[in-house]
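See below for the structure under consideration.
In this note's numbering, the protein residues as written are 17 to 148.
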């Protein structure tokens, strides 16, 4: 069994790239094009991990993570920011808001899946993503 990963991203190209990289490793990918839809899908589908852009319409990434973390069931589900924001302090701001990690765009395809897989229990990691 591999993990179900929710990708909340308003940019279609970025969403397709992330989906391709994750599905190629055997993960099941759920998608939302904006923050509000992402929160609704997360609360109904309960994925094993969420990848979330920070700058989106309806709800931005900070509002998404606050909404999810307000639910006790979401205190332990990894939520990772995937963003073009890369100024000093941006990472600390994201972590303080409730994200578990912060990955900057453009993503590095050769290491992206390993970065994400590190937040999943070993039993949910896809074959080939452990770096072994």
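Glycine included, every Cβ here is placed at the ideal spot set by N, Cα and C.
- [ ] Taking all protein chains shown into account, decide if residue 127 is buried (16 or more other Cβ within 10 angstroms of its Cβ) or exposed.
- [x] By the neighbour-count rule (16 or more Cβ atoms within 10 Å), residue 127 is not buried but exposed.
Open item on the list: Can you give me the C-alpha to C-alpha distance between residue 37 and residue 88, rounded to a whole angstrom?
Closed with: Residue 37 and residue 88 have their C-alpha atoms some 30 Å from each other.
Open item on the list: Please state the DSSP three-state secondary structure of residue 141.
Closed with: Three-state result, residue 141: coil.
Task: Bounding residues of the beta strand (DSSP E) (the contiguous stretch that carries residue 97) - done: For residue 97, the enclosing beta strand (DSSP E) stretches over residues 95-99.
- [ ] Within the same chain, show all residues whose beta-carbon is closer than 7 Å to that of residue 58, passing over the 5 residues directly before and after it, in chain order.
- [x] Excluding sequence neighbours, residue 58 sits near 22, 66 and 84.
Open item on the list: Assuming residue 66 is part of the beta strand (DSSP E), what are its boundary residues?
Closed with: Run containing residue 66: 65-68, per the beta strand (DSSP E) assignment.
TODO: Would you kindly check if the distance between the Cβ of residue 33 and the Cβ of residue 51 is under 8 Å?
DONE: Inclusion of residue 51 and residue 33 in the CB contact set at 8 Å is not warranted, their separation being larger than that value.
Open item on the list: Out of 124, 39 and 90, which one is the CA nearest neighbour of residue 116?
Closed with: Of the candidates 124, 39 and 90, the one whose C-alpha sits nearest the C-alpha of residue 116 is 90.
Open item on the list: For a test of the three-state rule: what should DSSP assign to residue 132, helix, strand or coil?
Closed with: DSSP, read as helix, strand or coil, puts residue 132 in helix.
Task: Spatially closest choice to residue 73 from 26, 45 and 137, by CA coordinates - done: Out of 26, 45 and 137, 26 has the C-alpha closest to the C-alpha of residue 73.
Task: Contacting residues, own chain, Cβ-Cβ under 7 Å from residue 144 (five flanking each side not counted) - done: The predicted position of residue 144 is uncertain, since its pLDDT is 49 and thus under 50; a value taken from the coordinates is nonetheless stated next. If we look at residue 144 and ignore the five residues flanking it on each side, its Cβ neighbours are 41.
Task: Identified DSSP bridge partners for residue 113 - done: Paired residues: none, contrary to the question.
Open item on the list: Considering Cα atoms alone, identify which of 102, 98 and 108 is closest to residue 129.
Closed with: Nearest C-alpha to residue 129: 98.
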